[in-house]
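First comes the structure, then the notes that go with it.
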């Protein structure tokens, strides 16, 4: 089962996540998502556990638990949606007001 872990302290490492979740069962993979420009943690990541029952117990017991001074948000990861972002606001000829650039221009006309 793939588990989403949010509100991770920026100094936390993947090894920290592995140790935290290993107390509940076998962990096959951990990853902390990093900013592609700075390389800094974005404050969330994923843990993959091999046994679903162990994963459910980890979710129940670790959600809200403080790790490195921050309460974790832990739940089952949702599958990634296909097709990128939704709710696009424009582009050439699109958006709520049409025209080049689309979208609202902050009240200026």
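Residue numbers (the numbering used here): 37 to 145.
The C-beta atom is built at its ideal place from N, Cα and C for all residues, glycine as well.
Cβ-based neighbour list, residue i, same chain, cut-off 8 Å, excluding 5 preceding and 5 following
{"i": "residue 95", "result": "39, 110, 111, 112"}
{"i": "residue 107", "result": "43, 100, 101"}
Proximal residues to residue i (C-beta, below 6 Å), its chain only, five neighbours per side dropped
{"i": "residue 99", "result": "110"}
Residues that DSSP places opposite residue i in a beta bridge
{"i": "residue 81", "result": "41, 68"}
Coil, strand or helix - residue i by DSSP
{"i": "residue 109", "result": "strand"}
{"i": "residue 102", "result": "strand"}
{"i": "residue 115", "result": "coil"}
Same chain, Cβ closer than 7 Å to residue i, five either side skipped, listed in chain order
{"i": "residue 54", "result": "63, 66"}
{"i": "residue 69", "result": "78, 80, 81"}
{"i": "residue 87", "result": "61, 62"}
Nearest-angstrom Cβ-Cβ length linking residue i and residue j, presumed shorter than 8 Å
{"i": "residue 103", "j": "residue 48", "result": "7 Å"}
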